[in-house]
Amino acid sequence: MSRIFNFSAGPSMMPESVLERAAKEMLNYADSGMSVMEMSHRSKVYDKIIKDAEKKLREVMAIPDNYKVLFLQGGATMQFSMIPLNLMTKNKKADYIVSGSFSGKAYKEAKKYGDVHLAGTSKEDNFSHIPTQEELTLREDADYLHICENNTIFGTTYNYLPETNGVPIVSDMSSCILSKPVDVAKYGMIYAGAQKNMGPAGLTVVIVREDLVGEPQEMTPVMLRYDEMVNNDSMYNTPPTYAIYMLGLMLDWVESMGGLKGMEAHNEKKAGILYDYLDQSSFYKTNVVKENRSLMNVTFTTGDEEMDAKFIKASVEKKFSNLKGHRSVGGMRASIYNAMPIEGVEALVAFMKEFEAQNA
Ligand code: PMP
């Protein structure tokens, strides 16, 4: 069977050239006589793989030297606990913006560990916009402000970075990292599960300003301490070795696409094709306000549950996979991360047109 256009929200499509390279290097990596999967994480060969992955990430994202890069496990969800345990330590206060499902989970988890304030939410309009600066109530003595920069389920994204008067911003970039340039220096910490734009599941990348890595809250399990991970170069124990290797391959591919500027142009073009079509259609609609439309997750509906179900069934027959919206919102969602080619989006729009013509 040939490969299909996979619109999964994550784990999601990877570039074919990356998968081919991984396949080619599978049995015998760099003349080591073994697969990366079989290699000791303390070996010389692997040491180069992990160091190169970090070096490439620093180059691609232009990460300043005063930021640490950590390769962890436990997904972005583990960070929902690690962040308050490690960063809510000065005044034991943190502000959270709840702009969707994952930021809601992060907020709920953080409340276990200190004085957590809901600085803003768009829950009342079913998360169809990102709270604006005017809608926020920020505390000057918060240890950090947590945001989720791209809401995978609702298909919204920030078009500004909150003004916090020096309070560090901690951003969940799970579904938008590497999709466009970011000014890392504007953040206290950036984190992301790898399984959308950085490779296979199993790896979580943390980029944290070094002065924020201090003594965590008492009783913090050793595996959840940033300081231990920093002091051990992410190798306190066995890291997710193969996923880190794959991140290296993904970063080579991003570079070959013109780096993050190139990715941004590629992503704007793809999302533009889809949104332009949605905007002129009276059959499909999207609930997201224009200024917060995600480049990565495009949500839409026909406005009729039965018609949506028919659409999804027909899309599967045409070999488009994972267009069903998240179970909590319904409708449809096309996740078009970095690796989704333009042809995938063009084919989807052609199918949507055909379906509209037959069912409108
Ligand atoms: N945050 C965001 C924005 C996500 O999209 C996801 C997963 N889809 C998570 C957090 C949770 O990530 P994980 O499954 O890696 O814990």
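Numbering-wise (the numbering used here), the sequence shown opens with residue 6 and increments by one. Idealized CB from N, CA, C, for every residue including glycine. Remember, predicted model here, so these are calculated numbers, not experimental data.
Worksheet entry | Inside the stretch 98–143 only - beta strand (DSSP E) runs reaching at least 3 residues | 98–103 and 120–126
Item to complete: Grab the span of the beta strand (DSSP E) containing Y196 for me, first residue to last.
Response: The residue labelled residue 196 in the question sits at position 191 within the sequence shown. Its beta strand (DSSP E) spans residues M194 to G198.
Worksheet entry | Integer-rounded CB distance, given that L254 should sit under 8 angstroms from A199 | In the sequence shown, counting from the first residue as 1, residue 199 sits at position 194. In the sequence shown, counting from the first residue as 1, residue 254 sits at position 249. About 12 angstroms separates the two Cβ atoms, so there is no contact after all.
Worksheet item: Per DSSP, M337 is paired with what?
Response: As a working mapping, residue 337 is identified with position 332 in the sequence shown. According to DSSP, which records beta bridges pairwise, M337 is partnered with F305 and K329.
Fill in: Helix, strand or coil at L252 according to DSSP, with G and I counted as helix
Here residue 252 refers to the residue found at position 247 when the sequence shown is read from its first residue. Of the three classes helix, strand and coil, the one that applies to L252 here is helix, per DSSP.
Worksheet item: What are the complete beta strand (DSSP E) segments, minimum 3 residues, inside the stretch 262–315?
Response: 302–305
Discussion item. Judging by CA-CA distance, which residue of G38, I54 and E30 is the nearest neighbour of T246?
Written reply: Here residue 246 is taken as the residue at index 241 of the sequence shown, counted from 1. If we check each option's Cα against that of T246, I54 comes out closest.
Fill in: Rounded separation between D188 and K315 - CA only
Within the sequence shown, residue 188 is the residue found at index 183, counting from 1. Within the sequence shown, residue 315 is the residue found at index 310, counting from 1. If you take the alpha carbons of D188 and K315, they lie about 43 angstroms apart.
Discussion item. When you compare the CB positions of Y149 and A124, do they come within less than 8 angstroms of one another, or not?
Written reply: Taking the sequence shown and counting its residues from 1, the one referred to as residue 149 is at position 144. Taking the sequence shown and counting its residues from 1, the one referred to as residue 124 is at position 119. No.
Discussion item. For V235, tell me which candidate among V218, A248 and R26 has the shortest Cα-Cα distance.
Written reply: Along the sequence shown, read from residue 1 onward, the residue named residue 235 stands at position 230. Here the closest residue by C-alpha is V218.
Practice prompt. List in chain order: all unbroken beta strand (DSSP E) runs of 3+ residues lying wholly within the stretch 151–182.
Written response: 174–177
Worksheet item: Hey, is the stretch 193–211 in contact with the stretch 158–177, meaning 3+ C-beta pairs nearer than 8 angstroms?
Response: yes
Fill in: Assumed close pair A344, M18 - CB separation to whole angstroms, cut-off 8 angstroms
Against the sequence shown, residue 344 aligns to sequence position 339. Against the sequence shown, residue 18 aligns to sequence position 13. Contact holds; Cβ gap of about 4 angstroms.
Discussion item. Considering only the alpha carbon of each residue, which of P89, L90, D57 and M83 lies closest to V74?
Written reply: As a position in the sequence shown, residue 74 is number 69, starting the count at 1. Among P89, L90, D57 and M83, the Cα nearest to that of V74 belongs to D57.
Discussion item. Looking at the strands, I want to know which residues DSSP matches up with T209.
Written reply: As a position in the sequence shown, residue 209 is number 204, starting the count at 1. The partner list for T209 (beta bridge, DSSP) reads L77 and G198.
Worksheet item: Taking the alpha-carbon positions, what's the F107 to I135 distance?
Response: Here the question's residue 107 lines up with position 102 in the sequence shown. Here the question's residue 135 lines up with position 130 in the sequence shown. Near 14 angstroms, if we compare the C-alpha coordinates of I135 and F107.
Practice prompt. For R26, name the three-state secondary structure that DSSP assigns.
Written response: Against the sequence shown, residue 26 aligns to sequence position 21. Helix.
Practice prompt. Put R47 into one of helix, strand or coil per three-state DSSP.
Written response: By 1-based counting over the sequence shown, the position of residue 47 is 42. Residue state, collapsed to three classes: coil.
Discussion item. If we define contact as Cβ-Cβ less than 8 angstroms, is D146 a contact residue for chain B?
Written reply: Absent from the structure is chain B; it holds one protein chain and no more.
Fill in: I179: CB within 7 angstroms of a non-hydrogen atom of the ligand PMP
One-based indexing of the sequence shown puts residue 179 at position 174. The sequence given here places Ser at residue 179; Ile does not occur at that position. Yes, the ligand PMP has a heavy atom inside 7 angstroms of this Cβ.
Discussion item. Along the chain, where does the alpha helix (DSSP H) containing E359 start, and where does it finish?
Written reply: Here residue 359 refers to the residue found at position 354 of the sequence shown. Looking at the DSSP string, the run of the alpha helix (DSSP H) that includes E359 is I347 to N364.
Discussion item. Can you look up F10 in the DSSP assignment and give me helix, strand or coil?
Written reply: Here residue 10 corresponds to residue number 5 of the sequence shown, with the count starting at 1. Note: F10 maps to strand in three-state DSSP.
Discussion item. Looking at M337: is its Cβ nearer than 8 angstroms to the Cβ of I317?
Written reply: Stepping through the sequence shown from its first residue, residue 337 is reached at position 332. Stepping through the sequence shown from its first residue, residue 317 is reached at position 312. Yes, Cβ-Cβ distance for M337 and I317 is below 8 angstroms.
Fill in: Residue interval of the alpha helix (DSSP H) (run including N236)
For this step, residue 236 is matched to residue 231 along the sequence shown. From DSSP, the alpha helix (DSSP H) with N236 extends over Y231 to N236.
Item to complete: Kindly examine the ligand PMP and report whether one of its heavy atoms sits closer than 7 angstroms to the Cβ of F107.
Response: As a working mapping, residue 107 is identified with position 102 in the sequence shown. Yes, Cβ of F107 sits closer than 7 angstroms to a heavy atom of the ligand PMP.
Discussion item. Taking the alpha-carbon of K185 as reference, which of L229, L143, T307 and N155 has the nearest alpha-carbon?
Written reply: Start at 1 with the first residue of the sequence shown, and residue 185 comes out as number 180. Comparing Cα positions, the closest option is N155.
Item to complete: Report all residues from its chain with a CB closer than 7 angstroms to the CB of L32; omit the five preceding and five following residues, and keep chain order.
Response: Mapped onto the sequence shown, residue 32 falls at position 27. Excluding sequence neighbours, L32 sits near S40.
Worksheet item: Are the beta-carbon atoms of M93 and G109 separated by less than 8 angstroms?
Response: For this step, residue 93 is matched to residue 88 along the sequence shown. For this step, residue 109 is matched to residue 104 along the sequence shown. No. Outside cutoff.
Practice prompt. Report the rounded CA-to-CA distance for I249 versus N96, giving the unit in angstroms.
Written response: Here residue 249 refers to the residue found at position 244 of the sequence shown. Here residue 96 refers to the residue found at position 91 of the sequence shown. Each residue's alpha carbon lies about 35 angstroms from the other.
Discussion item. DSSP three-state label for Y72, please.
Written reply: Counting from 1 along the sequence shown, the entry for residue 72 is found at position 67. Three-state result, Y72: strand.
Worksheet entry | T126: CB within 7 angstroms of a non-hydrogen atom of the ligand PMP | Along the sequence shown, read from residue 1 onward, the residue named residue 126 stands at position 121. The answer is no for T126.
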